[in-house]
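Undergrad:
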Ligand SMILES: Nc1ncnc2c1ncn2[C@@H]1O[C@H](COP(=O)(O)OP(=O)(O)OP(=O)(O)O)[C@@H](O)[C@H]1O
Ligand SMILES: Nc1ncnc2c1ncn2[C@@H]1O[C@H](COP(=O)(O)OP(=O)(O)OP(=O)(O)O)[C@@H](O)[C@H]1O
Ligand SMILES: [Mg+2]
Ligand SMILES: [Mg+2]
């Protein structure tokens, strides 16, 4: 656990192309330990791709990723990922396992917990997101919001030091958003570093210590939310924010 | 085309259970032709299921569905569905077809358009949602917001008289939400009836002529947005709305 | 090494192979192709019908499909071929006056292949997410159009390699129709090799037959894999055949 | 009808069947089961190795798997069995002193079955959405653990019917090891039926063998389907085997 | 393939030869004169042509030669018989296990496969008069300990083709469990590679298989007239049996049988206790 205990995350000049589509064009992002950074930007600007690159699900073609100032590109990516929880935009629950098994799997196999303990721990996590009663259901029989909450519980169960949320609240109703918000506040207090991709400006404003606005694969503007939302410096961001309802 | 030309939609006392889970417990919903009804409510309250029942993807176990005052339960469901467009919460694009083929398929096979014409029409629809440049991509290579927009284009291409949106903007950034909003305003002006499931209260407030609040499979409250959002009558709705950011 | 020499002479006598290759190419190859291709195509059609029946909502259709599959898959090929040859042979002969065993052979091979292919199709179709059928029906497509345009194409794509398995089995099974009584000009590749082996007491003609089978089956496999990749990725420039691992960067090797 | 009567006598002579059933049950059945089960299990293991190699990022492994599959799938079973029996037989005999043909027969059947099963597994594994591997890796599982715990279990489930196909083929192919030279106590079901048919000129013993095959294969099919349904739905109370159509209400029939 | 038969129901010593009486039960006294045969009444599948079911892989009796022609002793003899009857022949290959059933169900008019005329088979089909007799050999490696039938012991691994008279002889007479093969070719291949120590084969097959330089030798040959071989015909088609018997007698009488026998079995002597065709015909002295 040594090197990741604090969890300051830095991406430096990240580049990535899919074929001829240059999706990330030199992204810099710095997230201090225990803070929450939100990433906003138009659809297709590369937000999800950036998260994938930062936990090395896709290797960057150029640039570096640092945890506590140390490059992780040479390390074992599996250890890196055990310390970074991720909630996917499409949830990606395991359809062949029940809800509770989805959450318990990594506990049992990676944390080597005995089955009972992993199960109990998973139920605790499910309770946090209000889904203890669906523990034995299959993911395909859940509503959208329920699936998203299971994905959150699954990531949190591993007690990561850094969490990535990709549109973490897109399927959640206002009550649940508030719940997730409270959860995240708790996590931040506990020292968790978080990167949140969202298109809900209210959410971004409420959760973030810093906000980064991406467009076309580059960071257009970054700063504390008060500044970005009230005094955007670029026209691009101004235009983007003018559309918020 | 006769019977559906106006498009007033009514659901009467709809009941549905999944096994022992009684998901819809007597839902009533009335949407006047050319108006937009939004449905809000906590995760798992049965919103997506209600939409599925109303275009008979799932047959209701009790109750009736009326279009222009006439029950449709005895009619051919395929004709019904051709007149009701639906955008799914999970998008459900066809992964084996390109983006433009996703949109053109129904035009070619159901509207019997020649291939070229269907293609051109599909490109027009894609342009409306800003995705003409992704026409030849596969759905799996699109970002979440891009997929959602293709799903919208696919449904609109059939020029339905009624549209169902299930979390229609969950993956869209503010700019796109505004675009979709404008689109919907146009559609409403053109006489389209719309039912929009959403958890974004701002969106609901902006688009709706009526708002219906569901919880636990029943309609708790329904009325014009001004009334529901400013003067909720039930404690349940008050509690729900108090959580909006 | 005497034993090794003997072994090589038994299996790799080039002269014995050379002697048999011309008739394998001129007689055996066309017959094998005729049998395998026609029963392959017909078997796919019947197999698709069986698969669609097997997932239909009508229990009678489901059970008919189940029984057909169980019987024609479980019964040894020889028995099916003999039953059809001896049972239907005389009737066909009386009706058409033809004693050509190929139509009956193709029928027998088709009936058997369909049972296997039907199960392969079924597994492919059932693995397609139900959201696909829902989306298609929501557009206004009927059940059968949805199956035809959306579900089945995706399902088939998923089981192409298993389908190739079955087609290769069919090429090999076509040698069994010798039981229907073949003129020497009606023999297929394997039979010609087998007869030559019996004549010479040397097994090399069988190896020649095997080599010719490989010449048929290997390009088939690679053609299908190529099509499969194209359909899967849609991008002709894609070089890595491994879609699955490719998405997860270098970390996958760790 | 005279011809019909003759036909019935040829295929359904109860006396001829009865005469052969006892040895089929006491000798043939255990031998068939021994051969099919052991080569089935080994074939699945080797097949899984081949499938994993086939989708690996290492091109050498991919090509090894490809070549193995192409060769062992394309070569007729008879040739493989003869090559192994005659080629390896003397070596095994010298090393172990045993002349029992079963080990070599199981080896040959395993090598062939693995080529087919490998392709079936590959198609199943490749049909699992890449998001599944991503999600598992994001949790911190390595590539092989992700495959083992998440991707492969889903992939296998999708191809269970095709796997049953292959196992049934294996039961039938086990009759080919007669080529290795069997004592009469080593014959399997089909061979016993075939010998009896050759001796009497009546085909009923073959029908008896076919019936016994059905007794083996039908319960297997239904057991696997049952397990498949359970895994798919997780709900024992589910009655409708048609998951796919079931979601789309009555409209599906229209 | 299989020229084949399990002996009669009780185990007998095949090497003791025939008592000739047993055969008389089936061999006809005489035959219809050739010119009395009504060719229209033969019930042939294709009128004017005898459709023959045979095997393609059991030389020297029945096989397809390099040019794709069905030939072998049995089939050439049949051609000669058909010529006497002024009928064409068309050969079709099948498997031995199904041959008799296919004849009986009139998929073929005749089965030609050196078929031993056992009682069990007579229950299924009818046979013509005999045209050949059993002749058994033991084949072994040149340097093997087995030099003849007397050397076959419980410890010898003996190859036979399953269901043949040889199988019956080894199993029931010698009381040794043999290693059974489906066809001669495989049996021989296993002998060459040492999987078996000896092969008890029909002499014709042994002669056909054993070649110079194979390291094998025909150690001993013995005659077995217990069961003659004959052509199989549907039991419902006595007319065709009669016609073939007439043809057979005719080719015996004019010396064709002797010529073909000499051609295909240059070194074999016909035993004095056995003669082909009906009892009315005699093999001309050459
Ligand atoms: N196929 C199914 N089988 C069994 N239960 C189901 C199925 N689909 C949905 N459910 C259950 O029905 C209830 C209502 O689901 P539904 O998807 O309609 O909720 P929702 O209001 O759309 O929620 P969300 O806002 O999270 O999307 C949930 O409890 C869900 O678990
Ligand atoms: N696997 C892929 N292959 C090719 N192109 C891809 C792939 N994944 C994403 N892209 C493209 O990369 C660009 C960025 O995608 P990404 O998913 O990062 O966007 P995003 O910012 O998350 O958008 P959204 O807000 O809509 O989710 C898009 O144009 C998309 O089409
Ligand atoms: Mg995204
Ligand atoms: Mg929903």
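Residue numbers (my numbering), protein chains in the order written: chain A, -17 to 227; chain B, -17 to 227; chain C, 54 to 307; chain D, 54 to 307; chain E, 483 to 768. For every residue, glycine included, the Cβ atom is placed at its ideal position computed from N, Cα and C.
Would you identify the three-state DSSP class for residue 646/E, choosing helix, strand or coil?
TA: Note: residue 646/E maps to coil in three-state DSSP.
Undergrad: Answer yes or no: does any C-beta atom of chain B fall closer than 8 angstroms to that of residue 153/A?
TA: Chain B, which has a Cβ nearer than 8 angstroms to the Cβ of residue 153/A, makes this yes.
Undergrad: Closest to residue 218/A by C-alpha separation, out of 30/A, 195/A, 185/A and 226/A, would be which residue?
TA: Among 30/A, 195/A, 185/A and 226/A, the Cα nearest to that of residue 218/A belongs to 195/A.
Undergrad: Check residue 183/D in the structure and name its three-state DSSP category.
TA: Reduced to three states, the DSSP call for residue 183/D is helix.
Undergrad: With respect to 7 angstroms, is the separation between the Cβ of residue 152/B and the closest non-hydrogen atom of ligand 4 below this value?
TA: Residue 152/B: no, Cβ never under 7 angstroms from ligand 4.
Undergrad: Return yes when the C-beta of residue 30/B is under 7 angstroms from any heavy atom of ligand 6, and no when it is not.
TA: As far as ligands go, the structure on display features ligand 1, ligand 2, ligand 3 and ligand 4 and does not contain ligand 6.
Undergrad: Starting from residue 162/B, follow its DSSP beta bridges and name the residues at the other end.
TA: According to DSSP, which records beta bridges pairwise, residue 162/B is partnered with nothing at all.
Undergrad: Is the CB of residue 210/D under 8 angstroms away from at least one CB in chain A?
TA: Closer than 8 angstroms to some Cβ of chain A, the Cβ of residue 210/D qualifies, so yes.
Undergrad: In angstroms with no decimal places, state the Cα-to-Cα distance between residue 155/D and residue 135/A.
TA: Near 53 angstroms, if we compare the C-alpha coordinates of residue 135/A and residue 155/D.
Undergrad: Would you report the Cα separation of residue 148/D and residue 678/E, rounded to the nearest angstrom?
TA: Residue 148/D and residue 678/E: Cα-Cα distance of roughly 16 angstroms.
Undergrad: Would you say residue 262/D faces chain A, with C-beta separation under 8 angstroms as the test?
TA: Chain A contact via Cβ: absent.
Undergrad: Taking residue 118/B as the reference, which of 96/B, 11/B, 186/B and 77/B has the closest Cα?
TA: Closest option to residue 118/B, Cα to Cα, is 77/B.
Undergrad: What are the partner residues of residue 52/A, as DSSP defines its beta bridges?
TA: The partner list for residue 52/A (beta bridge, DSSP) reads 49/A.
Undergrad: From residue 60/A to residue 207/A, what distance separates their C-alpha atoms?
TA: Residue 60/A and residue 207/A: Cα-Cα distance of roughly 33 angstroms.
Undergrad: Which residues in chain E have a C-beta closer than 8 angstroms to the C-beta of residue 167/D? List them in chain order.
TA: Chain E residues near residue 167/D: none, gap ~24 angstroms exceeds 8 angstroms.
Undergrad: On the criterion of 16 or more Cβ atoms from any shown chain inside 10 Å, does residue 56/A qualify as buried, or is it exposed?
TA: Classification of residue 56/A: exposed, given that the 10 Å Cβ count is below 16.
Undergrad: At 8 angstroms on the CB atoms, spell out the chain C contacts of residue 593/E, in chain order.
TA: By Cβ distance, chain C contributes nothing, its closest Cβ being about 11 angstroms from residue 593/E, past 8 angstroms.
Undergrad: Please determine if the stretch 696 to 705 of chain E and the stretch 655 to 663 of chain E are in contact, where contact requires at least 3 C-beta pairs separated by less than 8 angstroms.
TA: The stretch 696 to 705 of chain E vs the stretch 655 to 663 of chain E: no contact.
Undergrad: For ligand 1, any of its heavy atoms closer than 7 angstroms to the Cβ of residue 209/A?
TA: Incorrect: residue 209/A has no Cβ contact closer than 7 angstroms to ligand 1.
Undergrad: Leaving out five residues on either side along the sequence, give the residues of the same chain with a beta carbon under 6 angstroms from the beta carbon of residue 306/D.
TA: Bear in mind that a pLDDT of 34 at residue 306/D, under 50, signals an unreliable position, so the number given afterwards is only what the model happens to contain. Result list for residue 306/D: empty, nothing under 6 angstroms.
Undergrad: DSSP has residue 151/A in a bridge; who is on the other side?
TA: Answer by DSSP bridge pairing: none, since residue 151/A is not bridged.
Undergrad: With DSSP as the reference, label residue 109/B as helix, strand or coil.
TA: Here residue 109/B sits in helix by DSSP.
Undergrad: Is the Cβ of residue 231/B closer than 8 angstroms to any Cβ of chain C?
TA: Because chain B spans -17 through 227 in this model, residue 231/B falls outside it and cannot be assessed.
Undergrad: Can you give the beta carbon distance from residue 663/E to residue 643/E, rounded, assuming they're within the 8 angstroms contact cut?
TA: 6 angstroms between Cβ atoms; contact.
Undergrad: Quick check: the Cα distance between residue 92/C and residue 66/A, rounded to an integer number of angstroms?
TA: Whole-angstrom Cα-Cα distance: 55 angstroms.
Undergrad: Any idea if residue 109/A is buried or exposed, counting beta-carbon neighbours within 10 angstroms, 16 or more meaning buried?
TA: By the 10 Å Cβ count, residue 109/A comes out exposed.
Undergrad: With a cut-off of 8 angstroms on the beta carbons, I'd call residue 260/C and residue 70/C a contact; round off their distance for me.
TA: Correct: roughly 7 angstroms between the Cβ atoms.
Undergrad: Say the cut is 7 angstroms; is the CB of residue 4/B nearer than that to a heavy atom of ligand 1?
TA: No, the Cβ of residue 4/B stays beyond 7 angstroms of every heavy atom of ligand 1.
Undergrad: Report the CB separation of residue 19/B from residue 200/B in whole angstroms; it is logged as a contact under 8 angstroms.
TA: Going by Cβ atoms, the distance from residue 19/B to residue 200/B rounds to 16 angstroms, so no, they are not a contact pair.
Undergrad: How is the alpha helix (DSSP H) around residue 317/C delimited, first residue to last?
TA: No answer is possible for residue 317/C: it lies beyond the span of chain C, which begins at 54 and ends at 307.
Undergrad: If you measure from the CB of residue 71/B, is any heavy atom of ligand 4 nearer than 7 angstroms?
TA: Because some heavy atom of ligand 4 lies under 7 angstroms away, the Cβ of residue 71/B counts as near it: yes.
Undergrad: Please look up how many angstroms separate the CB atoms of residue 621/E and residue 634/E, rounded, as I've assumed it's under 8 angstroms.
TA: Not a contact, Cβ separation roughly 12 angstroms.
Undergrad: Any idea if residue 100/A is buried or exposed, counting beta-carbon neighbours within 10 angstroms, 16 or more meaning buried?
TA: With 16 or more Cβ atoms within 10 Å of its Cβ, residue 100/A is classed as buried.
Undergrad: Does the beta-carbon of residue 692/E have 16 or more other beta-carbons within 10 angstroms, so that it is buried, or is it exposed?
TA: Buried: at least 16 other Cβ atoms inside 10 Å.
Undergrad: Helix, strand or coil: how does DSSP classify residue 713/E here?
TA: It is a strand residue.
Undergrad: Go ahead and pull the three-state DSSP assignment for residue 8/A.
TA: Reduced to three states, the DSSP call for residue 8/A is strand.
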